[in-house]
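For what it's worth, the working numbering labels the leading residue of the sequence shown as 7, then goes sequentially.
For every residue, glycine included, the Cβ atom is placed at its ideal position computed from N, Cα and C.
Keep in mind it's a predicted model, so treat the numbers as computed, not measured.
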Amino acid sequence: MTTAKSAYRGRFAPSPSGPLHFGSLVAAAGSFLEARTRGGEWLLRMEDVDQPRCSMAAAGEIIRALEALGFAWDGEVVWQSRRTEAYAAALERLKAAGRVFPCGCTRRELADSAIAPDGAAIYPGTCRQGLPEGRAPRAWRIAVGDVRISFDDAIQGRVVSDLASEAGDFILLRADGFYAYQLAMVVDDAEAGITHVVRGADLLASTPRQIFLQQCLGLPTPGYAHLPVAVNAAGEKLSKQTRAAPVDISRPGPALFAALDFLGQRPPPELSRATVAEIWA
Ligand code: GLU
7 MTTAKSAYRG RFAPSPSGPL HFGSLVAAAG SFLEARTRGG EWLLRMEDVD
57 QPRCSMAAAG EIIRALEALG FAWDGEVVWQ SRRTEAYAAA LERLKAAGRV
107 FPCGCTRREL ADSAIAPDGA AIYPGTCRQG LPEGRAPRAW RIAVGDVRIS
157 FDDAIQGRVV SDLASEAGDF ILLRADGFYA YQLAMVVDDA EAGITHVVRG
207 ADLLASTPRQ IFLQQCLGLP TPGYAHLPVA VNAAGEKLSK QTRAAPVDIS
257 RPGPALFAAL DFLGQRPPPE LSRATVAEIW A
């Protein structure tokens, strides 16, 4: 499955905290179509790094749904839960470079912090110059300094982010011992040689942090395209939290048709009753 380094390589990276819903199907279809129309590869990665929130049952359901919908991925499925050593090695490199610091703050102590645009607390910097007396390290954070990150998203246009005010010193290793999504995703995309990330715009706020991590680790930055996000009638993003219905894989054709329609692909109406093989063809 190896191709020349310059070849397009995309991926779909669902978090198996619930079954595949329409919002993730849109991200899967968008990234798959983009990879295939560019003659590229398309990889599947299970983002089960947040093990308390993920389950093997949900991962199995997602894989079965993708198969029923006619998706075909290149190579083996990558499981983040099996890649802890790679994340630990990346954190060690950042420690050696003096870019990270242990943090002893509890969630309660950070409750009054400023809130980032994506709803996360912005770290006030308490442990940045060293752990206060008598404090044990709980988590590891990366110091963002006053860096500005900018990139050109293929759909959303130019994005400029001031990390200190929009994210703050973010966590790489959590107090519960699990590596953070931001670190895992960056390490995995680089190792897989991903050249293009196509995903939902709900992740746009994470991208500057990920690019910053790529820069700190000396990893390449892929191209980004953040797709419009499917919302429910109340305007909420479809997710497990908003109780999005799972994709009905007893009728995969109509589900796939709806996703392609959402992506503006204008599938011919007669395909609404077609099989997934006919729709993809
Ligand atoms: N695992 C993330 C999610 O399901 C997606 C990560 C990504 O595509 O970079 O929201």
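Examine the ligand GLU and report whether any of its heavy atoms sits within less than 7 Å of the Cβ of Leu39. In the sequence shown, residue 39 corresponds to position 33, counting from 1. For the ligand GLU, not one heavy atom lies less than 7 Å from the Cβ of Leu39.
Rounded straight-line distance, which links the Cα of Leu269 to that of Arg17: Counting from one through the sequence shown, the residue named residue 17 turns up at place 11. Counting from one through the sequence shown, the residue named residue 269 turns up at place 263. Spanning the two alpha carbons is a distance of roughly 17 Å.
Using only alpha-carbon positions, find the residue among Ile69, Arg215 and Arg249 that is nearest to Asp152. The count along the sequence shown starts at 1 and reaches residue 152 at position 146. That would be Arg215, whose Cα lies nearest to the Cα of Asp152.
Taking buried to mean at least 16 other C-beta atoms within 10 Å of its own C-beta, is Glu40 buried or exposed? As a position in the sequence shown, residue 40 is number 34, starting the count at 1. So Glu40 counts as buried.
Euclidean distance between Cα positions of Gln271 and Glu98: Within the sequence shown, numbered from 1, the residue matching residue 271 stands at position 265. Within the sequence shown, numbered from 1, the residue matching residue 98 stands at position 92. In a straight line, the C-alpha of Gln271 is about 45 Å away from that of Glu98.
Neighbourhood of Phe263 by C-beta distance below 8 Å, restricted to the same chain and skipping five residues each side: Here the question's residue 263 lines up with position 257 in the sequence shown. Contacts found: Pro273, Leu277, Ser278, Ala280 and Ile285.
Own chain, CB closer than 8 Å to Leu233, minus 5 neighbours either side, in chain order: In the sequence shown, the residue the question calls residue 233 occupies position 227. Apart from sequence neighbours up to five positions away, the residues of its chain that approach Leu233 with a beta-carbon distance below 8 Å are Val32, Ala33, Gly36, Ile161, Val204, Arg205, Gly206, Ala207 and Leu269, ordered along the chain.
Chain-order list of residues whose beta-carbon lies under 8 Å from that of Gln57 (same chain, five-residue window excluded): Translated into positions along the sequence shown, residue 57 becomes position 51. Ser87 and Phe184, listed in sequence order.
Cβ neighbour criterion (16 or more within 10 Å) applied to Thr201: On the sequence shown, residue 201 is found 195 positions in, with the first residue counted as 1. Buried is the call here.
Hey, Ile217 and Phe157: beta-carbon distance below 8 Å or not? Taking the first residue of the sequence shown as 1, we reach residue 217 at position 211. Taking the first residue of the sequence shown as 1, we reach residue 157 at position 151. For Ile217 and Phe157, yes; Cβs fall inside 8 Å.
Do Val84 and Met62 count as a contact pair if the criterion is CB distance below 8 Å? What you label residue 62 is simply residue 56 of the sequence shown in a count that begins at 1. What you label residue 84 is simply residue 78 of the sequence shown in a count that begins at 1. Contact flag unset, no.
Rounded straight-line distance, which links the Cα of Phe38 to that of Ile69: Taking the sequence shown and counting its residues from 1, the one referred to as residue 69 is at position 63. Taking the sequence shown and counting its residues from 1, the one referred to as residue 38 is at position 32. So the alpha carbons of these two residues sit roughly 15 Å apart.
Measuring CB atoms only, is the stretch 233-250 touching the stretch 191-199, in the sense that at least three cross pairs come out at less than 8 Å? Too few Cβ pairs lie closer than 8 Å, so no.
Identity of the residue in Ala149, Thr43, Gly66 and Leu225 nearest Pro20 by Cα: As a first step, residue 20 is located in the sequence shown; it is residue number 14 there, counting from the start. When each option's Cα is compared against that of Pro20, the closest is Gly66.
Nearest CA to the CA of Leu26: which residue from Ser245, Ala283, Pro143 and Gly110? Looking up residue 26 in the sequence shown gives position 20. Comparing alpha carbon positions, the residue from Ser245, Ala283, Pro143 and Gly110 closest to Leu26 is Ser245.
My guess is that Arg105 and Ala149 are in contact by the Cβ rule of under 8 Å, so how many angstroms apart are they, rounded? As a working mapping, residue 105 is identified with position 99 in the sequence shown. As a working mapping, residue 149 is identified with position 143 in the sequence shown. Confirmed, about 6 Å.
With a 10 Å radius around its C-beta and 16 neighbouring C-beta atoms as the bar for buried, classify Arg144 as buried or exposed. Your numbering for residue 144 matches position 138 in the sequence shown. Buried, since its Cβ has 16 or more Cβ neighbours within 10 Å.
Is Ile121 buried or exposed, if buried means 16 or more other CB atoms sit within 10 Å of its CB? The count along the sequence shown starts at 1 and reaches residue 121 at position 115. Exposed: under 16 other Cβ atoms inside 10 Å.
Alpha-carbon spacing of Val282 relative to Gly45, whole angstroms: In the sequence shown, residue 282 corresponds to position 276, counting from 1. In the sequence shown, residue 45 corresponds to position 39, counting from 1. In a straight line, the C-alpha of Val282 is about 20 Å away from that of Gly45.
What residues in its chain sit with their C-beta under 6 Å from that of Gly29, if we drop five residues either side in the sequence? Here residue 29 refers to the residue found at position 23 of the sequence shown. Taken in chain order, the residues that qualify are Ala236 and Leu244.
Sub-8 Å separation of Ala211 and Pro123 beta-carbons: The count along the sequence shown starts at 1 and reaches residue 211 at position 205. The count along the sequence shown starts at 1 and reaches residue 123 at position 117. Taking 8 Å as the Cβ cut-off, Ala211 and Pro123 qualify as a contacting pair.
Terminal residues of the continuous alpha helix (DSSP H) containing Ala190? Here residue 190 corresponds to residue number 184 of the sequence shown, with the count starting at 1. Run containing Ala190: Tyr187 to Ala198, per the alpha helix (DSSP H) assignment.
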